[in-house]
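Single-structure report; data block below.
Numbering (UniProt numbering), first residue to last: 1 to 518.
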């Protein structure tokens with residue numbers, strides 16, 4: 001029997017649809033936050049660019065949708081002085097950091113729901129800022145929506161890459177310098193990127209309706225594979241020009257293409273904690289290094305016929321210390337080494353744990369779900385009695401070992417990939433994962449040194465430190481020494497250690513220093 005309430009329900013559904021359409025229109029027309037939105041005309045925007053301006057050009061995650069403070073969409077008059085200065089989104093943190101440490105300004109021109117095609121149509125807006133540096137932040141989800149696709153396909157993948165190439169070319173033609181933010185995960189709490197207005201650090205009822213209206217599910221296995229592939233391609237594509245980048249995927253990934261639980265506001269958007277992890281993946285001195293003329297394309301040094309750095313005990317070591325005001329959460333620590341059976345029982349590398357997680361403008365939000373265990377202490381990476389890779393946490397005394405023998409005198413590639421948000425550390429040997437441990441680390445020092453009670457030596461080359469975790473595809477790329485370059489997104493340190501001229505040099509596009517002792 002037909003209910004008498006059916007016409008009312010129909011009218012209600014129509015009303016909800018009309019409200020959604022109206023809210024979308026408002027979201028498109030009104031910026032998410034009070035930021036400059038210049039004219040789309042290009043005619044007046046020629047001439048020299050401003051070396052002290054960075055433009056963030058992207059979609060809603062770049063815009064800070066669902067984050068607090070001045071990323072929330074509230075009028076500045078309704079914010080406290082602290083909220084007005086420092087919102088929870090990564091572009092807001094970038095603005096404060098650049099202003100305080102380099103005197104640069106950050107211009108936000110990110111719009112919810114934008115794709116590469118939409119950025120190309122309004123590219124003149126970036127020109128109006130006269131920004132020398134343009135940080136792009138887009139997603140494959142929005143690219144799929146623009147093309148009317150219900151999922152990320154190879155066709156969407158190709159269109160996204162082609163769009164990035166055009167954006168990078170136009171930036172360089174104008175005299176600017178493109179920086180590519182990688183694609184990032186997506187969870188099942190909602191997704192794509194929604195056009196709307198977040199209020200008061202949360203979401204209003206009507207915006208929640210819009211989010212539900214456009215809800216997408218988490219990435220499928222095939223989609224996640226394309227995300228990982230794109231993460232490598234944006235760093236290696238000759239057509240794109242191998243620009244510098246930021247590895248957002250490694251900051252938030254749970255290992256399956258989802259944002260880690262507790263780090264998202266809805267499935268397509270990180271909350272303050274998630275956006276902070278993305279912010280920490282940006283190398284602090286990246287823009288200073290660009291300004292100093294350091295290249296983004298980091299050529300792998302030819303190690304054939306050369307001798308690496310030889311460590312004979314802990315007195316002779318290579319080290320990088322994380323500055324106290326530039327804390328690191330997720331990281332990748334990778335290196336090649338070789339030794340013989342004399343190395344059994346030796347420690348070959350270490351990662352020191354910061355005694356207290358630093359709280360600064362770079363990391364003002366703690367993890368929402370701390371692990372219910374004591375924080376880890378210094379991590380020792382060594383070789384156990386069977387010749388396998390071993391890890392030891394000095395506080396807990398937990399020792400784990402796995403993988404092939406490393407004492408055959410051949411070169412082996414070791415990578416330690418730590419996902420802070422996901423509270424996990426993956427260990428790789430020669431590009432293959434051999435071990436995983438669970439903890440959250442905040443590193444203070446990375447050291448290569450061969451130490452043991454016996455007299456022995458280890459030889460090292462290609463020390464790499466990233467401000468983001470690396471997945472298996474990225475580690476396999478790094479472990480392949482036939483590749484002409486290393487991956488550069490979030491790369492803080494690349495010390496080849498292959499000859500005297502490069503012994504302690506840092507070839508990464510950063511100004512961080514590598515210390516050689518002994």
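From the three backbone atoms N, C-alpha and C, an ideal C-beta is built for every residue, glycine too.
Here the structure is a predicted model, which is why all the values come from computation and not from measurement.
- Beta bridge pairing from DSSP links residue 401 with 390.
- At a Cβ-Cβ threshold of 8 Å, residue 339 and residue 407 count as neighbours.
- Collapsing the DSSP output to three states places residue 273 in a helix.
- Residue burial annotation: residue 273 is buried, with at least 16 other C-beta atoms found within 10 angstroms of its C-beta.
- Take residue 151, set aside five residues on each side of it, and the residues of its chain with a beta-carbon closer than 7 Å to its own are 144, 220 and 223, in chain order.
- A Cβ-Cβ distance of about 13 Å is found for the pair residue 136 and residue 94, leaving them out of contact under the 8 Å criterion.
- Taking a C-beta distance under 8 Å as the contact criterion, residue 106 and residue 91 qualify as a contact pair.
- Residue 399 counts as exposed, since fewer than 16 other beta carbons sit within 10 angstroms of its beta carbon.
- The shortest CA-to-CA distance from residue 239 to any of 164, 401, 289 and 58 is the one to 164.
- Three or more beta-carbon pairs separated by less than 8 Å are not found between the stretch 309-326 and the stretch 430-439, which leaves the two stretches without contact.
- Note on geometry: alpha-carbon atoms of residue 309 and residue 457 lie some 10 Å from one another.
- Distance from the CA of residue 493 to the CA of residue 87, rounded to the nearest whole angstrom, comes to 29 Å.
- Apart from the 5 residues on each side of it in sequence, residue 277 sits with its Cβ closer than 8 Å to the Cβ of 251, 252, 263, 270, 329, 330, 420 and 421 in its chain, given in chain order.
- A buried status is given to residue 487, since no fewer than 16 other beta-carbon atoms sit within 10 Å of its beta-carbon.
- Within the stretch 278-324, complete beta strand (DSSP E) segments of at least 3 residues are found at 309-311 and 317-321, given in chain order.
- Around the Cβ of residue 376, a 10 Å sphere holds 16 or more other Cβ atoms; the residue is buried.
- In this structure residue 185 does not touch residue 114 by the C-beta definition: roughly 19 Å separates them, more than the 8 Å allowed.
- Straight-line spacing of the CA atoms in residue 232 and residue 138 works out to 15 Å.
- Per DSSP, the beta bridge partners of residue 418 are 331 and 425.
- The beta-bridge partner set that DSSP reports for residue 459 consists of 310 and 338.
- In the DSSP assignment, residue 446 falls within the beta strand (DSSP E) that extends over 443-451.
- Selection 352, 268 and 430 evaluated against residue 388 yields 430 as nearest (Cα-Cα).
- With a cutoff of 8 Å on beta-carbon distance, residue 475 and residue 417 are scored as near each other.
- Here residue 280 is near residue 327, since their CB atoms are less than 8 Å apart.
- Inclusion of residue 177 and residue 132 in the CB contact set at 8 Å is warranted, their separation being smaller than that value.
- Residue 248 and residue 287 have their alpha carbons spaced roughly 17 Å apart.
- Listed in chain order, the non-local C-beta contacts of residue 275 below 6 Å within the same chain comprise 67, 88, 89 and 90, local neighbours out to five positions each way being set aside.
- Rounded to the nearest whole angstrom, the C-alpha separation of residue 171 and residue 235 is 17 Å.
- In the displayed model, residue 498 falls within coil according to three-state DSSP, outside both helix and strand.
- For residue 108, the uninterrupted beta strand (DSSP E) segment begins and ends at 105-108.
- Contact check for residue 491 against residue 508 passes: the beta carbons are separated by less than 8 Å.
- The distance from the Cβ of residue 448 to that of residue 466 is about 16 Å, inconsistent with a contact at the 8 Å cut-off.
- Each of 409, 260 and 173 was checked against the Cα of residue 127, and the nearest Cα belongs to 173.
- Around the beta-carbon of residue 130, 16 or more other beta-carbon atoms lie within 10 Å, marking it buried.
- Comparing alpha carbon positions, the residue from 392, 108 and 334 closest to residue 495 is 334.
- Close CB contacts of residue 477 within its chain, under the 7 Å cut and outside five residues either way in sequence, are with 232, 483 and 487 (chain order).
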